[in-house]
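This report concerns only the one structure given below.
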Amino acid sequence: MKKTRIVTDGSVHFPDPEIARKNRINVVPYSIDVDKRAMTDGLGNISPERYLDHVAKSNARPKVQAPTVDNFTEFFRILEHSKTDVLCLCTSRHLSDAWHNAKKAADIVQGKIKIVVIDSLTTSIGLGLMIEAATHAIASGASIDEAAYVVRKRIPNVYGIFFMESMQYLQYGGWVGPAQATLATMLGVKPIFALESGGFIPFEKVRTRTQALERLMEFATEFPAIEQLTVLRGRARVASAARQLRTRLGDIYPNARITNAIFGPILAALIGPDGLGIILCEYESDTKLGE
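Sequential numbering of the sequence shown, starting at 13, is according to my numbering.
Set out below in structure tokens:
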């Protein structure tokens with residue numbers, strides 16, 4: 013049986029930072045414009061906190077470009093020489109062009125090796141959870157098709173919800189119109205959007221961060237069997253709210269693996285630098301039923 017290697021895009025956030033190193037996962041970076049300096053290898057030595065501060069202080073839209081077809085092709089070519097199959101997991105096609113570009117690259121390289129490209133319908137830590145499941149399957153001897161099946165089975169069990177201080181970044185991404193964003197600002201309302209079927213769906217509007225915390229709590233507690241939950245935050249100004257949220261959820265779900273993370277450039281471009289959110293994964297149905 014051929015070995016299977018995993019490729020993903022730079023929007024990924026791993027629940028365990030060692031996953032990428034131990035499993036030799038290839039991460040194809042995004043191109044990011046930081047302080048008018050284009051970076052083609054992710055943030056490099058710039059911390060997420062510093063990047064978020066830059067986004068907040070700048071009036072310009074954050075410039076984040078998905079890996080190109082050529083970028084993916086280059087990685088696939090390298091693995092082609094290793095004669096390994098490639099399982100490529102990408103952030104949702106509704107949030108980024110990464111999946112589309114990976115598919116085109118796979119069509120170019122496909123032949124000597126098998127390449128399977130999957131739209132995770134999520135991003136950030138959600139994508140990391142998909143990759144974690146795939147690495148466990150591969151380590152247990154699964155073929156590329158079996159590992160792909162494990163990932164696809166997990167996709168419906170991953171959910172996300174995000175609170176945003178304004179609709180400005182949703183407007184940048186085309187999720188809301190200028191009139192809607194302006195009206196929300198005039199009325200002093202702040203949006204909460206769920207990440208559903210790979211895209212942002214309006215969930216509720218609130219006026220304060222305290223109200224947002226309660227809505228995020230209500231969303232999470234609708235799931236009786238949480239396997240993994242990550243509280244994601246923007247800049248340091250929302251760190252206290254993120255800690256409070258994690259503590260409260262930890263009390264409710266003592267057996268769940270609960271972590272925290274800071275927005276990467278892709279989430280910051282979608283949600284803004286001062287957002288707060290949750291990405292969680294339920295146990296699969298047979299596990300929940302105890303079968």
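We treat Cβ as the ideally placed atom computed from N, Cα and C, and that holds for glycine. Predicted model, so just to flag it, every value in this text is computed and none were measured.
Within this structure, are the beta carbons of residue i and residue j separated by less than 8 Å?
{"i": "SER43", "j": "THR103", "result": "no"}
{"i": "VAL81", "j": "ASN113", "result": "yes"}
{"i": "VAL163", "j": "ALA145", "result": "yes"}
{"i": "ILE127", "j": "PHE88", "result": "yes"}
{"i": "THR16", "j": "THR96", "result": "yes"}
{"i": "LEU133", "j": "ILE167", "result": "yes"}
{"i": "LEU282", "j": "ALA253", "result": "no"}
{"i": "THR220", "j": "ILE264", "result": "no"}
{"i": "ILE18", "j": "LEU101", "result": "yes"}
{"i": "ASN83", "j": "VAL121", "result": "no"}
{"i": "LEU225", "j": "LEU257", "result": "yes"}
{"i": "VAL76", "j": "PRO285", "result": "no"}
{"i": "ASN272", "j": "VAL243", "result": "yes"}
{"i": "ARG73", "j": "TYR184", "result": "yes"}
Would you give the residue range spanned by the alpha helix (DSSP H) that residue i belongs to?
{"i": "ASN113", "result": "110-121"}
{"i": "VAL67", "result": "60-69"}
{"i": "ASN83", "result": "81-93"}
{"i": "ILE278", "result": "277-283"}
{"i": "LYS171", "result": "For the record, residue 171 in the displayed sequence is Tyr; it is not Lys. Element bounds for TYR171: not the alpha helix (DSSP H) but the beta strand (DSSP E), 170-175."}
{"i": "ALA26", "result": "The displayed chain sequence assigns Phe, not Ala, to residue 26. Neither: PHE26 is in no alpha helix (DSSP H) and is coded neither H nor E."}
{"i": "PHE235", "result": "Run containing PHE235: none; DSSP gives neither H nor E here."}
{"i": "ALA149", "result": "137-151"}
{"i": "GLU158", "result": "156-166"}
In or out: residue i buried (at least 16 other Cβ within 10 Å) or exposed?
{"i": "GLY138", "result": "buried"}
{"i": "ILE213", "result": "exposed"}
{"i": "ASP21", "result": "buried"}
{"i": "GLU239", "result": "buried"}
{"i": "ALA159", "result": "buried"}
{"i": "THR222", "result": "exposed"}
{"i": "GLU337", "result": "Lying before the first or after the last residue shown, residue 337 is absent from the chain, which here runs from 13 to 303."}
{"i": "THR197", "result": "exposed"}
Along the chain, where does the beta strand (DSSP E) containing residue i start, and where does it finish?
{"i": "ILE37", "result": "Looking at the DSSP string, ILE37 is not in any beta strand (DSSP E), and its letter there is neither H nor E."}
{"i": "ILE238", "result": "238-245"}
{"i": "LEU288", "result": "288-294"}
Check the C-beta distance from residue i over to residue j and give it rounded, since I have them as a contact under 8 Å.
{"i": "ARG12", "j": "PHE275", "result": "Any answer about residue 12 is impossible in this case: the structure gives the chain only from 13 up to 303."}
{"i": "SER178", "j": "LEU279", "result": "Not confirmed; about 15 Å, so no contact."}
{"i": "ALA78", "j": "SER59", "result": "Their Cβ separation, rounded to whole angstroms, is 22 Å, which puts ALA78 and SER59 out of contact at 8 Å."}
{"i": "HIS106", "j": "GLY210", "result": "4 Å"}
* Asked: Would you say the stretch 170-181 touches the stretch 196-211, given that touching needs at least three Cβ pairs under 8 Å?
  -> yes
For the pair the stretch 150-167 and the stretch 221-229, tell me if three or more CB-CB distances fall below 8 Å. no
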